[in-house]
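These protein sequence lines map, in sequence, to chains A and B. When you line the first sequence up against this note's numbering, it's residues -19 to 146, in that order. When you line the second sequence up against this note's numbering, it's residues -2 to 420, in that order.
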Amino acid sequence: MPETLVQGRVWRFGNDISTDVLSPGTYAVAPLEIRKLHVLESVNPVFASECQPGDVIVGGSNFGCGSSRETAPENLKAVGVACVVAESLARIFMRNAVAVGLPVLVCEGVHDVFEEGQVIAVDLATGAVTNRTTGDTYQGDSLPEEMRTILSAGGILEVLRTRANG
Amino acid sequence: MGMTQAERILARATGNESVVAGEFIVADIDLALLHDIFAAQVFDTLADVGFDDVFDPERTVVVIDHLVPAPSAEAAAIHQRIRDHVTRLGIEAFYDSGTGICHQLLPEHGHIRPGSLVVGTDSHTTTYGALGAGGTGIGTSDMVYALATGRLWFRVPETIRFELTGSLQPTVTWKDVILYLAGRFGADAAQYKAMEFGGEAASRADMSSRLTVANMAVEMGAKFGLFAADDITNSYLLDHGGIGCEPFGPHDDAVYETVHEISLSDLEPQIAMPNEVDRVGPIADAEGLTIQQAFLGSCTNGRIEDLRAAAEVLAGKHIAPGVRLLVVPASRDVLKEAMETGVLATLVDAGASVLPPGCGPCFGGHGGLMAPGERCIGTHNRNFIGRMGSPDAEIFLASPATVAASALAGAIADPRDQGVKHA
């Protein structure tokens, strides 16, 4: 499987999934091992415990809206989420996801063409999104090269580490 | 070709003659802001990836405002680490616990200059657009990169311009304006974009109002929420830091993605209803719903003008039984002015609990969280599920006058009725 291809089981969420839902303020400075257990719990109490490595989130519009807390994508990554595909992504969430090395993709209409538990394949380079369960393919926005470079390095800190040591 | 205010800010920060919307650029950072939720982690990581210094200690500001006073031993330990880092790195612009909320302090202490590029580990960094600066929120890893190199990548945003005309009716405020815009255009209307607020109504708005509007631009997804720097900006800067400014704004022939012309003359008090900032209607849509908590504060509406507006409604009266009114001045200077002008006494006489300057209840950290089934009306900026404690609590957002009127009534009330109408 090419490095830019992600394939996994779908978890489906609606519009305006906020950083307060992804990373509740009450656990703002809690360690990752505790913090991640509360990711999305106010909208799906079993998600954090049942998410498997490689699972993919399919979201509605404005996914990740709200605060600048990078713990939002970090929590998702920590419970095993391999990619977030949404109708639209909140600006800071998108930036933070790339910064922590969590692949994200915008694909119009994606929310209504997947059901929970179906299998999705996402090509980050071309933006192609495939429903492996139904066989249908949809075209999302491919990530700009600047962002893919950071993602493939494993996040912006890895870019910086290389720079400090270079 | 003329540039929008956002393009002018980013062109200057890249040292280019011009930049154009859609372009990826690497820009020099004029100012970096960190607060206590993230500062210790950022400074630890900076050292971990191999950098012993920040790019410029004089262009780095650190504020302890979220967990104040420390609600736990863990929070106190984080503050301790931040103080150690600040000393080690030689950062002089350090505002310790109790001084105030970052987005109040930076303008108040003259750190924000029109035309500059400011990044902060807080989404409400857009607030600095009130002074004509490009303020925007970033995460902790991006901040580590910015502090290490003094630079950061950006996509030059398209701009949506709001030409605001007419005059607000009495008791209708700029908080009502930005809630109205969020409701009309939606929470992702300005996703990845800049918002410019212009027109004769915007040019008459005082700095406190501009700060409220720019603060909430991010609730529509915006990267920047910009006002042109003008005489009002110049006067504010002379009073806060002592260095005035030249006018700065978009070029006359700037190219916009969209221009909306909106008259404010007929606007009614607005309210955002749970659980989205863009679920907005005129106050009548929620009037009469009982409340248990009323919150007056935050970087959106915790200034002296906001406290005074609430005090005018509450003067000589007392809040309804069963209501907790929390007042959190945005800074120690605001608290002091409220003390010296009698505003604080009016609020306390009306039954308010006054909390120290900080973010506390607004982000669900501590100091006024909600139980399941409770309802709060606040002057803050977000009403998402779980924002103030229990996910089963409801949060409504409105202006200081509306919050004060509701506290009096014990139920969501129209400030035009001065809160005397009981549900």
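Every residue gets a Cβ at the ideal spot worked out from N, C-alpha and C, and that includes glycine. Here the structure is a predicted model, which is why all the values come from computation and not from measurement.
Taking the straight line between their C-alpha atoms, what separation do you get for residue i and residue j?
i: B:A327; j: B:K333; result: 11 Å
i: B:N13; j: B:D25; result: 11 Å
i: A:G97; j: A:D116; result: 16 Å
i: B:H419; j: B:L293; result: Model confidence at B:H419 stands at a pLDDT of 37, short of 50, so the residue's coordinates are unreliable; what they give is reported in the following sentence. Those two C-alpha atoms are separated by around 20 Å.
i: A:V86; j: A:A77; result: 13 Å
i: B:Y92; j: B:S387; result: 31 Å
i: B:E391; j: A:N145; result: 50 Å
i: B:H100; j: B:Y125; result: 8 Å
i: B:H76; j: B:G183; result: 37 Å
i: A:E126; j: B:Y142; result: 15 Å
i: B:F245; j: A:R143; result: 36 Å
i: B:V51; j: B:I240; result: 26 Å
i: A:T6; j: B:D249; result: 46 Å
i: A:F94; j: A:D(-4); result: 18 Å
i: A:C45; j: B:Y189; result: 12 Å
i: B:E4; j: B:L114; result: 11 Å
i: A:A79; j: A:R49; result: 12 Å
i: A:L123; j: A:P83; result: 9 Å
i: A:F43; j: A:E67; result: 8 Å
i: B:D139; j: B:N212; result: 21 Å
i: A:L17; j: B:K172; result: 36 Å
i: B:G180; j: B:E20; result: 30 Å
i: B:G362; j: B:L264; result: 34 Å
i: A:D121; j: A:T106; result: 8 Å
i: A:V1; j: B:C373; result: 18 Å
i: B:T1; j: B:L178; result: 20 Å
i: B:A306; j: B:A410; result: 15 Å
i: B:G370; j: A:L131; result: 42 Å
Identify whether residue i lies in helix, strand or coil by the three-state DSSP scheme.
i: B:R78; result: helix
i: B:T124; result: helix
i: B:E4; result: helix
i: B:Y233; result: helix
i: B:H419; result: Bear in mind that a pLDDT of 37 at B:H419, under 50, signals an unreliable position, so the model cannot answer this.
i: B:P318; result: coil
i: B:P421; result: This structure does not reach residue 421 of chain B, given that chain B is present from -2 up to 420, and the question cannot be answered.
i: A:Y7; result: helix
i: B:Y189; result: coil
i: B:V83; result: helix
i: B:E265; result: coil
i: B:M367; result: strand
i: B:F91; result: strand
i: A:Q119; result: strand
i: B:P397; result: helix
i: B:H257; result: strand
Looking only at its own chain, which residues have a Cβ that is under 8 Å from the Cβ of residue i, when we skip the five neighbours before and after it?
i: A:E138; result: G81
i: B:S295; result: I98, V325, A327, C356, C359, G375, T376, H377 and N378
i: B:E89; result: P54 and E55
i: B:D236; result: none
For residue i, I'd like the list of residues in its chain whose CB is within less than 6 Å of its CB, leaving aside the five on either flank, ordered along the chain.
i: A:M(-19); result: Confidence at A:M(-19) is low in this model, with a pLDDT of 43, below 50, so the placement of that residue should be treated as unreliable; the coordinate-derived value is given next. Taken in chain order, the list of residues that qualify is empty.
i: B:V417; result: Low confidence applies here, because B:V417 scores a pLDDT of 42, under 50, leaving its location unreliable; read the following figure in that light. Closer than 6 Å at Cβ, skipping near neighbours: no residue.
i: A:S47; result: T(-1)
i: B:V214; result: Correcting the residue identity first, residue 214 of chain B is Ala in this sequence and not Val. Excluding positions up to five away in sequence, the list reads T123, M192 and G222.
i: B:E302; result: S205
i: B:L28; result: R56 and V115
Tell me which residues share the same chain as residue i and place their Cβ nearer than 7 Å to its Cβ, disregarding the 5 neighbours each side in the sequence.
i: B:F381; result: N272
i: A:D103; result: T(-16) and L(-15)
i: B:F460; result: The structure shown does not extend to residue 460 of chain B, since chain B is modelled only from -2 to 420, so the question has no answer here.
i: B:A335; result: I301, L304, P326 and L341
i: B:F224; result: G126, A127, G129, F194, A199, R207 and A211
i: A:R15; result: S3, Y7, T51 and N55
Between residue i and residue j, which are expected to be in contact by the criterion C-beta below 8 Å, what is the C-beta distance as a whole number of angstroms?
i: B:L344; j: B:A398; result: The pair is not a contact, with the Cβ atoms about 13 Å apart (cut-off 8 Å).
i: B:A186; j: B:M217; result: 5 Å
i: A:G(-6); j: A:G40; result: 5 Å
i: B:H108; j: B:H63; result: Actually they do not touch by this definition, with Cβ atoms about 18 Å apart.
i: B:G23; j: B:T11; result: Here residue 23 of chain B is Val; the residue named in the question, Gly, does not match the sequence. That belief holds up - the Cβ atoms of B:V23 and B:T11 are roughly 7 Å apart, short of 8 Å.
i: A:I56; j: A:V19; result: Correcting the residue identity first, residue 56 of chain A is Leu in this sequence and not Ile. Confirmed, about 6 Å.
i: B:V153; j: B:A18; result: 5 Å
i: A:V(-10); j: A:I136; result: Contact flag wrong, Cβ pair sits at about 28 Å.
i: B:P486; j: B:G(-1); result: Look at the range of chain B in this structure, -2 to 420, and you will see that residue 486 of chain B is not part of it.
i: B:R413; j: B:P247; result: That pair is no contact at about 35 Å.
*Contact set between the stretch 142 to 172 of chain B and chain D, restricted to residues whose Cβ is under 8 Å from the partner*: Here the protein chains are A and B, and chain D is not one of them.
_At least 3 beta-carbon pairs within less than 8 Å: the stretch 71 to 78 of chain A vs the stretch 123 to 132 of chain B_ = Segments in contact, no.
*Tell me, please, whether the stretch 244 to 263 of chain B touches the stretch 162 to 178 of chain B by the rule of three or more beta-carbon pairs shorter than 8 Å.*
Judged by Cβ distances under 8 Å, the stretch 244 to 263 of chain B makes contact with the stretch 162 to 178 of chain B, as three or more pairs qualify.
*asked:* Across the stretch 55 to 64 of chain A and the stretch 34 to 41 of chain A, are there enough close Cβ pairs to call them in contact, namely three or more that are closer than 8 Å?
replied: In the pairwise beta carbon analysis, the stretch 55 to 64 of chain A is classified as touching the stretch 34 to 41 of chain A: at least three pairs are separated by under 8 Å.
*asked:* Across the stretch 277 to 294 of chain B and the stretch 304 to 324 of chain B, are there enough close Cβ pairs to call them in contact, namely three or more that are closer than 8 Å?
replied: Touching, per the Cβ criterion.
*Is it true that the stretch 18 to 30 of chain A meets the stretch 192 to 203 of chain B, where meeting means three or more beta-carbon pairs spaced less than 8 Å apart?*
Result no; under three Cβ-Cβ pairs closer than 8 Å.
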